[in-house]
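Asker: This is the structure I want to talk about, given as structure tokens.
And the structure:
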């Protein structure tokens, strides 16, 4: 279960970025943790069964999510080629809470992981769901607030370029894979 939560994705990359920049970390962590808790609860309650009856919902979500992840990947690639814009003292992300909400609720991998995969494993097993939520909250708190330990590394624009390059590659591959697999 922890591998689903810890996997590099748009949401985790954003939490890391906010933690490194020390901007709205508590609010971003709270949005991600509460959102995951809601999605895990819905998955454990049996949402996967409903989606299996209407597979076209998954196709639409995969295509929309693929486009979203491609766009996020291209934005990260653009940041990787413009390193001066991304430093620890750089401009704040315009609306971190709205961005966290978008990266959570518009990301199809969140649904695939929490509603379908976790839901099929844990359907009706609420103790398993409580463990998954606990792992999720622990991860987001550690990632968001622990990111400051990496601040010396990210004081250099090159580190931001590498991070954004990795994020871009992962998001573009995931987005293209979702669209191609639909």
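Residue numbers (the numbering used here): 11 to 192. Heads up, the beta-carbon is just placed ideally off N, CA and C, and yes, glycines get one too.
1. Taking DSSP as the reference, what is the three-state secondary structure of residue 116?
2. Since residue 106 contacts residue 43 with CB under 8 Å, what's their CB separation in whole angstroms?
3. Return the chain-ordered list of same chain residues with a C-beta closer than 7 Å to the C-beta of residue 201, the five sequence neighbours on each side being excluded.
4. Candidates 19, 30, 52, 29: which alpha carbon is nearest residue 134's?
5. Let me know if residue 20 comes out buried or exposed under the rule of 16 or more other beta-carbons within 10 Å of its beta-carbon.
6. Have a look at residue 140 and residue 36 and give me their C-alpha separation to the nearest angstrom.
7. Look up residue 64 in the DSSP assignment and say whether it is helix, strand or coil.
8. Under a three-way DSSP split, which group does residue 162 fall into?
9. Do residue 144 and residue 45 have their beta-carbon atoms positioned less than 7 Å apart in this structure?
10. Can you tell which of 142, 158, 119 has its C-alpha closest to the C-alpha of residue 184?
11. Give me the Cα-Cα distance between residue 63 and residue 137, rounded to the nearest whole angstrom.
12. Would you mind stating whether residue 69 and residue 192 have Cβ atoms separated by less than 7 Å?
13. What whole-angstrom Cβ distance do residue 189 and residue 73 have, given they're in contact under 8 Å?
14. What did DSSP end up calling residue 56 once you bin it into helix, strand or coil?
15. Classify residue 88 as helix, strand or coil using the three-state DSSP reduction.
Answerer: Answer, in terms of the structure:
1. Stepping through the chain shown from its first residue, residue 116 is reached at position 106. DSSP places residue 116 in coil when its eight states are reduced to three.
2. One-based indexing of the chain shown puts residue 106 at position 96. One-based indexing of the chain shown puts residue 43 at position 33. The Cβ separation is near 15 Å, so there is no contact.
3. Not covered by the structure: residue 201. The range shown for the chain is 11 to 192.
4. Walking along the chain shown from the start, residue 134 turns up at place 124. 52 is the residue among 19, 30, 52, 29 whose C-alpha sits nearest the C-alpha of residue 134.
5. For the purposes of this step, residue 20 is taken as residue 10 along the chain shown, with counting starting at 1. The residue in question, residue 20, is buried, as its Cβ has 16 or more Cβ neighbours within 10 Å.
6. Against the chain shown, residue 140 aligns to sequence position 130. Against the chain shown, residue 36 aligns to sequence position 26. For residue 140 and residue 36, the distance between alpha carbons rounds to 21 Å.
7. The count along the chain shown starts at 1 and reaches residue 64 at position 54. Three-state DSSP puts residue 64 in coil, outside helix and strand.
8. By 1-based counting over the chain shown, the position of residue 162 is 152. In the three-state scheme derived from DSSP, where H, G and I count as helix and E and B as strand, residue 162 is classed as coil.
9. Stepping through the chain shown from its first residue, residue 45 is reached at position 35. Stepping through the chain shown from its first residue, residue 144 is reached at position 134. In this structure, residue 45 lies away from residue 144, with their beta-carbon atoms at least 7 Å apart.
10. The residue given as residue 184 occupies position 174 in the chain shown. When each option's Cα is compared against that of residue 184, the closest is 119.
11. Numbered from 1 along the chain shown, position 53 holds the residue referred to as residue 63. Numbered from 1 along the chain shown, position 127 holds the residue referred to as residue 137. Straight-line Cα distance between these residues: approximately 26 Å.
12. Here residue 69 is taken as the residue at index 59 of the chain shown, counted from 1. Here residue 192 is taken as the residue at index 182 of the chain shown, counted from 1. Taking 7 Å as the Cβ cut-off, residue 69 and residue 192 qualify as a contacting pair.
13. Here residue 189 refers to the residue found at position 179 of the chain shown. Here residue 73 refers to the residue found at position 63 of the chain shown. Indeed, because the Cβ distance is near 6 Å, the residues count as touching under 8 Å.
14. Within the chain shown, residue 56 is the residue found at index 46, counting from 1. Looking at residue 56 - three-state DSSP - the assignment turns out to be coil, as it is neither helix nor strand.
15. Sequence index remark: in the chain shown, residue 88 carries index 78 (1-based). If DSSP states are grouped into helix, strand and coil, residue 88 belongs with the helices.
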